[in-house]
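Line by line, the protein sequences give chains A and B. Just so you know, this note's numbering puts 122 at position 128 of the first sequence, and the rest follows in order with no gaps. Just so we're on the same page, this note's numbering is the position in the second sequence counted from 1, plus 1386. We treat Cβ as the ideally placed atom computed from N, Cα and C, and that holds for glycine. Only one structure is covered here, and it is reproduced in the block below.
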Amino acid sequence: MLPYWLLIPAFVIVLATTIYPLAYSFVTSFREWDLTKQRRPDGFVGFDNYLHAASESGFQNSLWVTTIFVVTSVALTLVIAMSLALLLRRKGRMHTFTRIVLILPFAMSPALIGVSYRFMFNPEFGVLAKGLGAVFPALEGMPWLADPNLAMAILVLTDVWHWAPYMTFMCLGGLASIPRETEEAARIDGASYLRIFFGIILPQMKGVLLVTAVLKTIFALKMFDQVVTLTGGGPGTSTETLAFFVFNVGFKWYDMGYASALAWILTAIMMLISIWYVRMLLSDRKMATA
Amino acid sequence: MADVRLVDIEKKYGNFLAVPQLNLTIEDGEFLVLLGPSGCGKTTTMRMIAGLEEITSGDIEIAGKRINDKPPKDRDIAMVFQNYGLYPHMTVRQNIDYPLKLRGVDRAARTRRVQETAEKVELEALLERRPSELSGGQRQRVALARAIVRTPSIFLMDEPLSNLDAKLRVTMRAELKHLHHELGVTTVYVTHDQMEAMTLASRIAIMREGRIVQLDTPKRIYSEPADLFVAGFIGSPSMNLIDGAIAGGVFTAPGVSFPVDQPDRDDVVLGIRPEDLEISTAPDAPVIGKLYALELTGESTLVTLRTGANSVCARGPADHEAEINAPCHFVPKPGARVHLFDRPSGHRLDGLSAKGQTL
Ligand SMILES: Nc1ncnc2c1ncn2[C@@H]1O[C@H](COP(=O)(O)OP(=O)(O)OP(=O)(O)O)[C@@H](O)[C@H]1O
Ligand SMILES: [Mg+2]
């Protein structure tokens, strides 16, 4: 019996900090609860909160914004991470140095990244805004963060900048596990560098790239800090991602029932992606061992 | 078909000289084995021939053409790697097919060639499997098939059998030998297994610390080792090497005295192979000592005696029995070879004859 007693403290902590809030938000998502009017949740409304999402423009906009953000950010991060990994694979003189420098962006807090990019793209005094203006006169005085498309581009840029280093290290790990002989055999067999990359390296990187893509997708779906500190969701609602929208619904408009439903929709999306990923991985393994 | 010439090639890794000034000519159709202890530069030499490793200085010629700056794919070579280097994401068929595909051979011809090659190495039944679903010996054969499918003019094989178990090794060795006979392609083969070298090679190049210490046929390497290193390296159990001196036409060391027709000198090493000695009871035997160990190997018994600081081993009959520490005498068999080496330089003393001295 004793082992079970000893488990209780850990279990209680997990219950209190994870399971209870999760369950609570799940239940809340089926209730009406306007925090400006009541301190406790109101009656059950069935699927009303979820149905509301289907017809509400704020949610649909955020879904669209999130999709654009996730797709571009994941694609760019993967391409950049893979390219950097290929460049850094050979051990050169600056080996350790480049790796230390590389990890710096990842060590920075995302909120801080948002703030610093807002400064750097300020048309009046921003380093990047001024620098770009000096190199390309056409860009001088560009209202970077006031333009919906540019604001989105900069948001994606901050996220790629933040995550590419970490993903580069994942790719480096993947590259290191590829037997050197497979590439050398391909060189002798007569493959060009491009063919070696696409025909020999990339297929062997499939597993690692899949993990990287899924992790990056989930992180991108949850991305929140930079929206708050860089764009505030604007201009207008052009960078209002799902995570930011949920926050607004809950803590600006105090519609807790609806916010909970939205949070669970976000969770469901991430779960679907994870399940798809595990399936891919399992089928891949079956192919390798069957 | 082509010969390979290495002229003064040198390889440095930073300040470390892995291969200094190597000269080697590999004849057309020859099966040349690079043999030597671990780290002596065999792989490095082979990779330089393949073009996978840049050479620091010197020239490499294939079929009379200097190919220093040519990429591996333009050298018309095929290589079998120590751990195979199969493409894990491709089936056996695709693995074998890949070199043909890259060279733009048309589909029908490719299918035929892959089929023929697979039959040659008995892989027909496994063509749709992936490398991870094969045994070591089967992977080995895939690597071999991938190398022979486009009939290159040179094969390079880096310890291709080292990952196999002893039995499979012997089988694959025979297969390799047969294959070389059939295709007649110039082959450079790296190994540190002397048995493999002896059985496969037309000629063996014995390497030590990046240098070739002897280049000769297996037979002559065995019967006329050029120096102490080769003498000790080839043969199992290895040659008995006894330090002593020559005086009055007799080599003497504690418990050992062999008549030799050599001028007097000190610092001499006498070498005689265990299979050239037999057990005797003659009181005036050239080797006299106390029995130290008896090891039954199956077809024979290895008898070791100790005398002074030396151990001397002889191959005796399988049924030989004796007490440890009992007196023990060895005499050379009729026609046995005695080798003499200079201790300081390690070189063979060639005053007696190019063939070594026969008793
Ligand atoms: N990339 C490298 N950088 C530095 N030194 C190297 C490198 N590759 C090989 N060497 C050194 O060169 C020497 C020869 O290496 P090589 O791999 O040719 O040995 P080998 O004869 O093939 O040995 P083995 O039988 O163990 O495979 C070794 O001393 C090794 O440490
Ligand atoms: Mg080697």
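Would you mind sorting residue i into buried or exposed? The rule is 16 or more other CB atoms within 10 Å of its CB.
i	result
A/THR132	The question names Thr, but residue 132 of chain A is Ala in the sequence shown. Flag for A/ALA132 reads exposed.
B/LYS1428	buried
B/PRO1713	exposed
B/ASN1401	exposed
B/THR1744	A caution first: B/THR1744 carries a pLDDT of 47, below 50, which makes its placement in the model too unreliable to give a value.
A/VAL309	Residue 309 of chain A falls outside the range modelled here, since chain A spans only -5 to 284, and no answer is possible.
B/ASP1662	buried
A/TRP157	buried
A/ILE2	exposed
B/MET1584	buried
B/PRO1720	exposed
B/GLY1747	Residue 1747 of chain B lies beyond the stretch modelled for chain B, which goes from 1387 to 1745, so this question has no answer here.
B/TYR1473	buried
A/ASN143	exposed
B/ALA1695	exposed
B/THR1683	exposed
B/ASP1445	exposed
B/ALA1529	buried
B/GLY1737	Bear in mind that a pLDDT of 47 at B/GLY1737, under 50, signals an unreliable position, so the number given afterwards is only what the model happens to contain. Classification of B/GLY1737: exposed, given that the 10 Å Cβ count is below 16.
A/VAL65	exposed
B/ASP1544	buried
B/GLN1580	buried
A/GLN54	exposed
A/VAL95	exposed
A/MET76	buried
A/TRP138	buried
B/HIS1566	buried
B/ARG1532	buried
In chain B, which residues lie with their C-beta within 7 Å of the C-beta of residue i?
i	result
A/ILE182	ALA1436, PRO1458, LYS1459, ILE1463, ALA1464, MET1465
A/ALA185	LEU1488
Starting from residue i, find everything on chain A with Cβ-Cβ shorter than 9 Å and list it in chain order.
i	result
B/ASN1469	PRO173, GLU175
Would you mind telling me which residues of chain B sit closer than 8 Å to residue i, beta carbon to beta carbon, in chain order?
i	result
A/LYS190	Here the sequence assigns Ile to residue 190 of chain A, which means Lys is not the residue at that position. In chain order: nothing, as chain B lies at least about 10 Å away.
A/ILE194	TYR1473
Which residues in chain B have a C-beta closer than 9 Å to the C-beta of residue i? List them in chain order.
i	result
A/GLU178	ARG1433, ALA1436, LEU1438, PRO1458, MET1465, PHE1467, GLY1471
Exercise. Identify every run of the alpha helix (DSSP H) within the segment 1465 to 1493 of chain B, keeping only runs that are complete inside it and at least 4 residues long; order them along the chain.
Key: You should have 1478 to 1488.
Quiz item: Between the segment 84 to 91 of chain A and the segment 197 to 205 of chain A, do at least 3 Cβ pairs fall closer than 8 Å?
Solution: As far as the Cβ criterion goes, the segment 84 to 91 of chain A does not touch the segment 197 to 205 of chain A, which means the pair count is below three.
Quiz item: Would you call the segment 1571 to 1590 of chain B and the segment 1407 to 1416 of chain B touching, i.e. three or more CB-CB distances under 8 Å?
Solution: Cβ pair count under 8 Å is three or more, so yes.
Self-check item: Any 3 or more C-beta pairs closer than 8 Å across the segment 1606 to 1621 of chain B and the segment 1689 to 1707 of chain B
Solution: In short, these stretches do not touch, since the Cβ pair count stays below three.
Quiz item: Counting only runs that start and end within the segment 1563 to 1621 of chain B, where is the alpha helix (DSSP H) found for 4 or more residues in a row?
Solution: If we require 4 residues or more, the alpha helix (DSSP H) runs fully inside the segment 1563 to 1621 of chain B come out as 1580 to 1586, 1604 to 1609, 1614 to 1619.
Quiz item: What are the complete beta strand (DSSP E) segments, minimum 3 residues, inside the segment 1632 to 1690 of chain B?
Solution: Unbroken beta strand (DSSP E) runs of no fewer than 3 residues, entirely contained in the segment 1632 to 1690 of chain B, are found at 1636 to 1639, 1642 to 1645, 1651 to 1658, 1663 to 1666, 1673 to 1682, following chain order.
Quiz prompt | Any alpha helix (DSSP H) of 4 or more consecutive residues that is wholly inside the segment 33 to 67 of chain A | solution = Entirely contained in the segment 33 to 67 of chain A, the alpha helix (DSSP H) runs reaching 4 residues are, in chain order, 42 to 49.
Quiz prompt | Contact the segment 1445 to 1460 of chain B vs the segment 1629 to 1646 of chain B: 3+ CB pairs below 8 Å | solution = In short, these stretches do not touch, since the Cβ pair count stays below three.
Quiz prompt | Contact between the segment 1543 to 1559 of chain B and the segment 1475 to 1488 of chain B (3+ Cβ pairs under 8 Å) | solution = In short, these stretches do not touch, since the Cβ pair count stays below three.
Quiz prompt | Selection of the segment 1484 to 1515 of chain B by Cβ proximity to chain A, strictly under 7 Å | solution = Residues passing the 7 Å Cβ filter: TYR1484, PRO1485, LEU1488, ARG1489.
Quiz prompt | Three or more C-beta pairs below 8 Å linking the segment 104 to 116 of chain A and the segment 213 to 226 of chain A | solution = These segments touch.
Self-check item: Chain-ordered residues of the segment 197 to 213 of chain A with a beta carbon less than 7 Å from chain B
Solution: When CB distances to chain B are screened at a threshold of 7 Å, the residues of the segment 197 to 213 of chain A falling below it are PRO197, GLN198, in chain order.
Practice problem: Report yes or no: do the segment 255 to 268 of chain A and the segment 230 to 242 of chain A share at least 3 C-beta pairs separated by less than 8 Å? | Solution: The segment 255 to 268 of chain A is in contact with the segment 230 to 242 of chain A.
Quiz item: Fully enclosed by the segment 130 to 196 of chain A, which alpha helix (DSSP H) runs are 4 residues long or longer?
Solution: Complete alpha helix (DSSP H) runs here, min 4: 142 to 170, 174 to 183.
Exercise. Decide if the segment 242 to 255 of chain A is in contact with the segment 41 to 51 of chain A; the criterion is three or more beta carbon pairs, one per stretch, under 8 Å apart.
Key: Yes, since at least three Cβ pairs between the segment 242 to 255 of chain A and the segment 41 to 51 of chain A fall closer than 8 Å, the two stretches touch.
Quiz item: At a cut of 8 Å, does the segment 1457 to 1471 of chain B reach the segment 1517 to 1528 of chain B through at least three beta carbon pairs?
Solution: Contact between the segment 1457 to 1471 of chain B and the segment 1517 to 1528 of chain B is present, because at least three Cβ pairs lie under 8 Å.
Exercise. Quick one: which unbroken beta strand (DSSP E) runs of 3-plus residues sit fully inside the segment 1492 to 1559 of chain B? Chain order, please.
Key: With a minimum length of 3 residues, the continuous beta strand (DSSP E) runs that stay inside the segment 1492 to 1559 of chain B are 1540 to 1544.
Quiz item: Does the count of Cβ pairs from the segment 1624 to 1636 of chain B and the segment 1647 to 1664 of chain B closer than 8 Å reach three?
Solution: Enough Cβ pairs lie closer than 8 Å, so yes.
Quiz item: Is the number of C-beta pairs between the segment 211 to 219 of chain A and the segment 260 to 275 of chain A that are closer than 8 Å three or more?
Solution: Touching, yes.
Quiz item: Within the chosen definition, does the segment 1647 to 1656 of chain B reach the segment 1697 to 1705 of chain B through at least 3 CB pairs nearer than 8 Å?
Solution: Output reads no: the segment 1697 to 1705 of chain B does not touch the segment 1647 to 1656 of chain B.
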